[in-house]
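A.B. asks:
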Amino acid sequence: MTEPSGDGFSFPVLNQPSEAPEKIPLTAFSTVTDRSGSSAEKTTPPVPLFEKPARSKVPLEKGYTQVDWLRLSKSGTDLNGLNGKNLRRDITLEEVQKHHTADDAWMVLRGKVYNIGPYMRFHPGGAAILLKAAGKDGTSLFMKYHPWVNADALLEKCLIGMLAQE
């Protein structure tokens, strides 16, 4: 059935149902049809509305953002604990293992030893996760979660020295 518009054009008019159904399926006015030949009703698996991320950031205290860390690391403050002494090249893993507390935390990343104590409160994942790697070689853990992060630049002022070759 067509209805003239008065200007020489005509438009198709759909027959309107006499009673509106209680529920109209979403596919009722669809232009896409199933040509698979199957008469079984197909349903798509439900999509979760929210998936919990594999890891999450923790709320940081005021003044402990990455911008604040950058400011602190550029301020000239002694962050490696060497008090101006030269970097060391003889740090053993046994010595690193002695520094595993929140007040005194060292970590090895790619053969370099860092004093991560000053950085802990600035870490977006929280201090607790860093404390788990304190006193250890955290390279594999770091690469698992932060392969894109330049640890050398981020922790440059926390560098104590190089891990001794065994």
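So the mapping is simple: the working numbering equals the position in the sequence shown, first residue as 1, plus 26.
Here a beta-carbon is modelled for each residue, glycine too, at the ideal position from N, C-alpha and C.
Rounded to the nearest angstrom, what separates N106 and E192 at their Cα positions?
C.D. replies: 24 Å
A.B. asks: Considering only residues of the same chain and omitting the five flanking positions on each side of R115, which have a CB-CB separation below 6 Å?
C.D. replies: G187 and M188
A.B. asks: D196 to L98, Cα distance in whole Å?
C.D. replies: As shown, the chain starts at 27 and ends at 192. That puts residue 196 outside it, with no answer to give.
A.B. asks: Please confirm whether C184 has its beta-carbon closer than 8 Å to some beta-carbon of chain C.
C.D. replies: Checking the listed chains, one finds no chain C in this structure; it contains a single protein chain.
A.B. asks: On the DSSP letters alone, give me the boundaries of the beta strand (DSSP E) that D116 sits inside.
C.D. replies: R114 to I117
A.B. asks: Near G161, what residues of its chain come up, given a Cβ to Cβ distance below 8 Å and the 5 sequence neighbours on each side ignored?
C.D. replies: V122, Q123, K124, H125, H126, A131, W132 and M133
A.B. asks: Classify I186 as helix, strand or coil using the three-state DSSP reduction.
C.D. replies: strand
A.B. asks: If you draw a straight line from the C-alpha of T165 to the C-alpha of P144, how long is it?
C.D. replies: 19 Å
A.B. asks: Going by Cα to Cα distance, which pick from E87, K183, D104 and V93 is closest to A153?
C.D. replies: E87
A.B. asks: Of the choices R136, T91, D104 and L113, whose alpha-carbon is the least far from that of P173?
C.D. replies: R136
A.B. asks: Which of the three DSSP states, helix, strand or coil, is assigned to K243?
C.D. replies: Residue coverage of the chain in this structure runs from 27 to 192, which leaves residue 243 outside it and unanswerable.
A.B. asks: Got a sec, what are the start and stop residues for the alpha helix (DSSP H) V93 sits in?
C.D. replies: Element bounds for V93: Q92 to S99.
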